Amino acid sequence: MAKIDPTARVENPAGLADDVEIGPYAILGPDVVLEAGVKLHAHVVIQGVTTIGARTQVFPFASLGSAPQSVHYKGEPTKLVIGTDCMLREHATASTGTVGGGGITRIGNGVMMMTGSHVGHDCTVGNGVIFANNAVLGGHVSVGDFTFLGGQCAVHQFTRIGAQCMISGLTGVREDVIPFANVLGQAGKLVGLNVVGMKRRGFSKSDLHAARAVYRDLFFGEGTFDQRLDKVRQMVGESAFAAAVVAFIDADRKRPICHPARGVIKED
1 MAKIDPTARV ENPAGLADDV EIGPYAILGP DVVLEAGVKL HAHVVIQGVT TIGARTQVFP
61 FASLGSAPQS VHYKGEPTKL VIGTDCMLRE HATASTGTVG GGGITRIGNG VMMMTGSHVG
121 HDCTVGNGVI FANNAVLGGH VSVGDFTFLG GQCAVHQFTR IGAQCMISGL TGVREDVIPF
181 ANVLGQAGKL VGLNVVGMKR RGFSKSDLHA ARAVYRDLFF GEGTFDQRLD KVRQMVGESA
241 FAAAVVAFID ADRKRPICHP ARGVIKED
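Note that UniProt numbering gives residue 65 to position 65 of the sequence shown, counting from 1, and the numbers run on in steps of one.
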């Protein structure tokens, strides 16, 4: 049976896998589901229609599944879904979705949310994403797999961040960020590619060379941005990096694409 501290308040014991551990003074609402091996430390609060995947750990004073911080929310039974093998540290927060945003906030597998980090309503966070301390996402943000969000960075609502990006600490992101990019600054601008992360993910020297060529052509070539994008589009068949970047841009053009600061072509 689940191991539940006698001081914890659990409104739906049937939603707990047999080997779940729930620490002192934790509070779980009636629509919470905890899958196998989940461990909640002391003083965790989980509300709403929330599912937490296998082997995820949640540390003291984290608050998950609370009502979205949206004036449009009227109490609908929206959801929060958290994947397997996540690590949610102290004071981490994540809200359920809103009807207007699809109704679900999703956090992928193997995600680490350090102290004070936040995932807003209707966000989609990929696998292996790391939130450093106090990194925060506004509503309706999407973050690709294996992206790193630096300490105290803030991502504007409805913004998209591609896979394997590096968002530096204290950066404000208000434009869509292409995959593999490195972003820095109060009003975040590209400062090259996330070369360190790409090397860690097994990119070869030839892969990096090809990625740099696409980056230069897209942001520092001649003509308008759309003309440069068309040139990169012609490289899709021979460059996986070009294919990923073009697919990301074509998927949604509602927000502008984050560009480098003028003259910046830093690559590592």
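Built from N, CA and C at the ideal position, the CB exists for glycine as well. These numbers come from a predicted model, not from an experiment.
Using a Cβ-Cβ cutoff of less than 7 angstroms, which residues in the same chain neighbour HIS259 once the five nearest sequence positions on both sides are dropped? The residues are LYS189, LEU190 and PHE219.
CB contact below 7 angstroms: ALA94 versus chain D: Although the question refers to chain D, the structure presented lacks it and comprises just one protein chain.
Alpha carbon of LYS231 to alpha carbon of LEU208, nearest angstrom: Taking the straight line joining both Cα atoms gives about 19 angstroms.
Use the C-beta contact count for residue 269: other C-beta atoms within 10 angstroms, 16 or more gives buried, fewer gives exposed. The first residue shown for the chain is 1 and the last is 268, placing residue 269 beyond what the model contains.
So, using beta-carbon positions, are THR105 and ASP122 closer together than 7 angstroms? Yes, the pair counts as a contact, with Cβ atoms nearer than the cut-off.
Which two residues bound the contiguous alpha helix (DSSP H) that contains LEU208? Residues 205-220.
Between VAL246 and the rest of its own chain, which residues show a CB-CB distance below 8 angstroms, the 5 nearest in sequence each way excluded? Same-chain partners within the cutoff: LEU229, VAL232, ARG233 and VAL236.
How about PRO60 and SER95: do their beta carbons lie closer than 7 angstroms? No; because the gap between Cβ atoms is not below 7 angstroms, this pair is not in contact.
Excluding the 5 residues flanking HIS72 on each side, which residues of the same chain have their C-beta closer than 7 angstroms to its C-beta? Sequence-distant Cβ neighbours of HIS72 in its own chain, meaning closer than 7 angstroms and more than five residues away, are THR98 and GLY100.
For LYS266, which residues from the same chain have a beta carbon less than 6 angstroms from its beta carbon, with the 5 sequence-adjacent residues on both sides left out? Per-residue confidence for LYS266 stands at a pLDDT of 48, beneath the threshold of 50, marking its modelled position as unreliable; the derived number appears in the next sentence. Closer than 6 angstroms at Cβ, skipping near neighbours: VAL191 and GLY192.
Using C-beta distances below 8 angstroms, list every residue in its chain close to PHE146, excluding the 5 sequence neighbours before and after it, in chain order. The beta carbon of PHE146 sits closer than 8 angstroms to the beta carbons of GLY126, ASN127, GLY128, VAL129, ALA163, GLN164, GLY197 and ARG201 from its chain, once the five residues preceding and following it are set aside; these are given in chain order.
DSSP state of residue 276 mapped onto helix, strand, coil: No statement about residue 276 is possible, as the shown extent of the chain runs from 1 to 268 and does not include it.
I believe LEU34 touches LEU16 by the beta-carbon criterion, under 8 angstroms. Please report the beta-carbon distance rounded to the nearest angstrom. Between LEU16 and LEU34 the Cβ distance is about 5 angstroms, and since that is below 8 angstroms, they are a contact.
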